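Engineer: Residue numbers (our numbering), protein chains in the order written: chain R, 1 to 367; chain A, 1001 to 1289.
1. Would you please verify whether the beta carbon of residue 61(R) is less than 8 Å from any beta carbon of chain A?
2. Can you check which of these residues, 1265(A), 1283(A), 1279(A), 1273(A), is closest to residue 1029(A) by C-alpha distance?
3. Compare the C-beta of residue 56(R) against all C-beta atoms of chain A and say whether one is closer than 8 Å.
4. Please report the distance separating the alpha-carbon of residue 1275(A) from that of residue 1161(A).
5. Could you check where the beta strand (DSSP E) with residue 254(R) kicks off and where it finishes?
6. I'd like the list of long-range same chain contacts for residue 76(R), defined as Cβ closer than 8 Å, with 5 residues on each side in sequence excluded.
7. Let me know the secondary structure DSSP gives residue 1281(A) once reduced to three states.
8. Taking all protein chains shown into account, do 16 or more other C-beta atoms lie within 10 angstroms of the C-beta of residue 203(R), making it buried, or fewer, making it exposed?
9. Assign residue 1221(A) to buried or exposed, taking buried as 16 or more other Cβ atoms, counted over all protein chains shown, within 10 Å of its Cβ.
10. Using DSSP's beta-bridge definition, name the partner residues of residue 1164(A).
11. According to DSSP, simplified to helix, strand and coil, what is residue 199(R)?
12. Hey, could you find the ends of the alpha helix (DSSP H) residue 224(R) is sitting in?
13. Thinking C-alpha only, which one of 271(R), 275(R), 290(R) is nearest residue 281(R)?
14. Taking residue 1185(A) as the query, report the chain R residues whose CB atoms sit under 9 Å from its CB, ordered along the chain.
15. Could you compute how far the alpha carbon of residue 1127(A) sits from the alpha carbon of residue 1159(A)?
16. Can at least three beta-carbon pairs, one atom from the stretch 1165 to 1178 of chain A and one from the stretch 1196 to 1208 of chain A, be found at a separation below 8 Å?
17. I'd like the ranges of any alpha helix (DSSP H) spanning at least 4 consecutive residues and lying wholly in the stretch 91 to 144 of chain R.
18. Less than 8 Å between the C-beta atoms of residue 372(R) and residue 9(R), yes or no?
19. Starting from residue 1226(A), trace the beta strand (DSSP E) in both directions and tell me its first and last residue.
20. Please list the partners that residue 1191(A) has in chain R, where partner means a Cβ-to-Cβ separation under 7 Å.
21. Should residue 95(R) be flagged as near chain D, meaning a C-beta pair shorter than 8 Å?
22. Give me the Cα-Cα distance between residue 154(R) and residue 164(R), rounded to the nearest whole angstrom.
23. Skipping 5 residues on each side, what residues in its chain have a beta carbon closer than 6 Å to that of residue 86(R)?
24. Report, in whole angstroms, the separation of the C-beta atoms of residue 24(R) and residue 50(R), which I expect to be a contact under 8 Å.
25. Skipping 5 residues on each side, what residues in its chain have a beta carbon closer than 6 Å to that of residue 59(R)?
26. Tell me the residue span of the alpha helix (DSSP H) that contains residue 239(R).
27. Can you find a C-beta in chain R that's less than 8 Å from the C-beta of residue 1097(A)?
28. Compute the distance between the beta-carbons of residue 62(R) and residue 12(R), then report whether it is under 8 Å.
29. Quick check: residue 1033(A) and residue 1048(A), are their CB atoms within less than 8 Å of each other?
30. Relative to chain R, which residues along the stretch 1167 to 1178 of chain A have a C-beta separation below 7 Å, given in chain order?
31. Cα-Cα, which of 1255(A), 1083(A), 1268(A), 1272(A) is closest to residue 1042(A)?
32. Among all the DSSP beta bridges, which residues are the ones paired with residue 280(R)?
33. For residue 1066(A), collect the residues of the same chain with a Cβ closer than 7 Å to its Cβ; drop the 5 residues on either side in sequence, then sort them by chain order.
34. Quick one: which unbroken alpha helix (DSSP H) runs of 4-plus residues sit fully inside the stretch 37 to 71 of chain R? Chain order, please.
35. Taking only beta-carbon positions, decide if residue 1129(A) is within less than 8 Å of chain R.
36. Residue 346(R) to residue 216(R), Cα distance in whole Å?
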């Protein structure tokens, strides 16, 4: 088990990368805690698998170093790094029995036979595969095979980290829950550092203590699920997490208000955005509501209301901009004089896609 | 319920293929069956002989000799070509510009007409002017495939290995290429050595193509005719007279129609039997997966 440090790490699949666009992974400096459960979340092609393979040692980074605790492991093989990795598609050794599959990584490392048997039995019980221990792994179902793949990583108690590359892709939805719960359980029991790559936000948010959101080869935010939800530090995080994603509206800033399409939306802080930057107001549908008849709301027109189960989503037009507003069950949609109110506490301002901090009104910002 | 229209005209559509199969398989085969149970002294005069020819063939030392040589030859070339083909396939590059170069080089021997292969090796191995024959003698080996049975066998086997290992290589390579990278990566992470990767990943994944390779090489080598006919003509003596060479000698050289027909039928049944065994084994493997 180890703390993982990425030191100016960058990777390009081209031999002589010149522009930032040539990099699959742009230079990053992070350090991930020992025993943490991290999820690398991002759309396909954002570099998350590249990063994972660099951590596991299947890929050598073109720049920078990677450390486990205080040891530089940049040039070490996956074996020497002592990590386990589970892939998107189950990898099993067809000709071996289920038990032999689990014993394989231990025997390769010269673990003593009695100890191997003990651990394999233990792991079979944990994965609920004891009844299939002595049958050939060939004819099993996809989720049983994936459990074996997981098990081959988990039988090695002393691994530095366990890496998962979208391991639940081929699993049925019902089984996904069970396996994810199992993973959580194993994490609590063994306290391995776990890194979990996925493009599914539910998977990431339920599995991880810390979610690492990646976008176009960059880490745009590392945070707890709550932080990502309440204070997305990049417009992409806002879009990508939440269903529906955050409303991002081009705006101008005047002191402590955002001007969207000539309408003034009050904010909690004073902002001094850099000159010439592309400015946007970000507010989640959860934090927008229809104004009560007694208060002032920014005037909008309602295009339609979709029922998505537990709540309803109203699609409204604010001038040329379109917003989603989340309605609680049974909450009526006003029929005339419709206005919306954005929660100033939970509205963020983005300059060139990055969240900027404001100065509290009470601290006497620019009047 | 609407009565189904009964229409037997569909049978006419099957007729062309029936005719073709009858002309090129059933009728010739029946002729052979006919010859194998009859004796003749002049055209149109036939006597029914029952199983006489079969008994004669099965008890003749000449047939035993040819059959023995045939099995020995097939066993030797399978024992060489299958492992060698797998080794070459493992050594071939998986990506890059060299892949196509290797594949073309591998395919070359397969594109050469069989009698040309025989002629090439005939000249190549001549002890006085052939590169191989002359070279071996120059190195101090007493080598003359036209006179020494061992030298003749060596040459025939070498020629077959040169000609057909490529087929095994190409099949094995196709099998290897179908293994996803994740398997190798997982093996690396599990700490598997080179041999374990071969034993537990590559070999199981190649199993099916290797069975096909084995089947093809068995059939081809069991029926080999052209190359040894051109290279050694079955000699020296009878030392490289395999079944089909012996069969042609009996049928055309000696005009022993009854014997030749009985041999043909036995030969055919043997090939069929071994293919059936292979097929059953293959299908059993399929069921498990």
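Every residue gets a Cβ at the ideal spot worked out from N, C-alpha and C, and that includes glycine. Since the model is a prediction, treat every value here as computed from it, not as a measurement.
Structural biologist: To lay it out plainly:
1. Here residue 61(R) refers to the residue found at position 61 of the first chain. No, residue 61(R) does not count as interfacial toward chain A.
2. In the second chain, residue 1029(A) corresponds to position 29, counting from 1. Measuring from the Cα of residue 1029(A), the nearest candidate turns out to be 1265(A).
3. For the purposes of this step, residue 56(R) is taken as residue 56 along the first chain, with counting starting at 1. Yes, residue 56(R) counts as interfacial toward chain A.
4. Position 275 of the second chain, counting from 1, holds the residue named residue 1275(A). Position 161 of the second chain, counting from 1, holds the residue named residue 1161(A). Roughly 21 Å separates the two Cα atoms.
5. As a working note, residue 254(R) is residue 254 in the first chain. Counting along the chain, the beta strand (DSSP E) containing residue 254(R) begins and ends at 252 to 254.
6. The residue you call residue 76(R) lines up with position 76 of the first chain. Around residue 76(R): 57.
7. By 1-based counting over the second chain, the position of residue 1281(A) is 281. Helix.
8. Counting from 1 along the first chain, the entry for residue 203(R) is found at position 203. Label assigned to residue 203(R): buried.
9. For the purposes of this step, residue 1221(A) is taken as the residue at position 221 of the second chain. Buried, since its Cβ has 16 or more Cβ neighbours within 10 Å.
10. As a first step, residue 1164(A) must be located in the second chain, where it is residue number 164. Partner(s): none; residue 1164(A) has no beta bridge.
11. Stepping through the first chain from its first residue, residue 199(R) is reached at position 199. Note: residue 199(R) maps to coil in three-state DSSP.
12. Locating residue 224(R) in the first chain gives position 224, where the first residue counts as 1. For residue 224(R), there is no enclosing alpha helix (DSSP H), as DSSP gives it neither H nor E.
13. Residue numbering aside, residue 281(R) sits at position 281 when the first chain is read from its first letter. Checking every option, the nearest Cα to that of residue 281(R) belongs to 271(R).
14. As a working mapping, residue 1185(A) is identified with position 185 in the second chain. Within chain R, the residues near residue 1185(A) are 53, 56, 58, 78, 85, 87, 91.
15. Numbered from 1 along the second chain, position 127 holds the residue referred to as residue 1127(A). Numbered from 1 along the second chain, position 159 holds the residue referred to as residue 1159(A). When rounded, the distance between both Cα atoms is 16 Å.
16. yes
17. 98 to 108, 113 to 126
18. Because residue 372(R) is not part of the residues shown, which for chain R are 1 to 367, the question remains open.
19. One-based indexing of the second chain puts residue 1226(A) at position 226. It is not in any beta strand (DSSP E) - residue 1226(A) instead sits in the alpha helix (DSSP H) that spans 1226 to 1231.
20. Reading the second chain from its first residue, position 191 is the one you call residue 1191(A). Contacts between residue 1191(A) and chain R, judged by CB atoms closer than 7 Å, involve 79, 105, 108, 109 in chain order.
21. Of the protein chains in this structure, namely R and A, none is chain D.
22. The residue labelled residue 154(R) in the question sits at position 154 within the first chain. The residue labelled residue 164(R) in the question sits at position 164 within the first chain. Distance between the alpha carbons of residue 154(R) and residue 164(R): 12 Å.
23. Numbered from its first residue, the first chain carries residue 86(R) at position 86. Within the same chain, and ignoring the five residues on either side of residue 86(R) in sequence, the residues whose Cβ sits closer than 6 Å to its Cβ are 149, 150, 153, 164, 167.
24. If you number the first chain from 1, residue 24(R) lands on position 24. If you number the first chain from 1, residue 50(R) lands on position 50. Right, the Cβ-Cβ distance comes to about 5 Å (below 8 Å), so this counts as a contact.
25. Looking up residue 59(R) in the first chain gives position 59. Closer than 6 Å at the Cβ level, and outside the excluded window around residue 59(R), lie 53.
26. On the first chain, residue 239(R) is found 239 positions in, with the first residue counted as 1. Run containing residue 239(R): 235 to 240, per the alpha helix (DSSP H) assignment.
27. For the purposes of this step, residue 1097(A) is identified with residue 97 of the second chain, where counting begins at 1. So, not an interface residue.
28. Here residue 62(R) refers to the residue found at position 62 of the first chain. Here residue 12(R) refers to the residue found at position 12 of the first chain. Cβ distance < 8 Å, so residue 62(R) and residue 12(R) count as in contact.
29. Walking along the second chain from the start, residue 1033(A) turns up at place 33. Walking along the second chain from the start, residue 1048(A) turns up at place 48. No, these two residues do not count as a Cβ contact at 8 Å.
30. none
31. Residue numbering aside, residue 1042(A) sits at position 42 when the second chain is read from its first letter. For the residues 1255(A), 1083(A), 1268(A), 1272(A), the minimum Cα distance to residue 1042(A) belongs to 1255(A).
32. Here residue 280(R) refers to the residue found at position 280 when the first chain is read from its first residue. In the DSSP output, where bridge partners are listed per residue, residue 280(R) has 250(R), 350(R).
33. Reading the second chain from its first residue, position 66 is the one you call residue 1066(A). Residues 1241, 1242, 1243, 1246 of the same chain have their beta carbon placed closer than 7 Å to that of residue 1066(A), with the five preceding and five following residues left out of the count.
34. 48 to 56
35. Along the second chain, one-based indexing puts residue 1129(A) at 129. So no, residue 1129(A) is outside the interface.
36. What you label residue 346(R) is simply residue 346 of the first chain in a count that begins at 1. What you label residue 216(R) is simply residue 216 of the first chain in a count that begins at 1. Those two C-alpha atoms are separated by around 26 Å.
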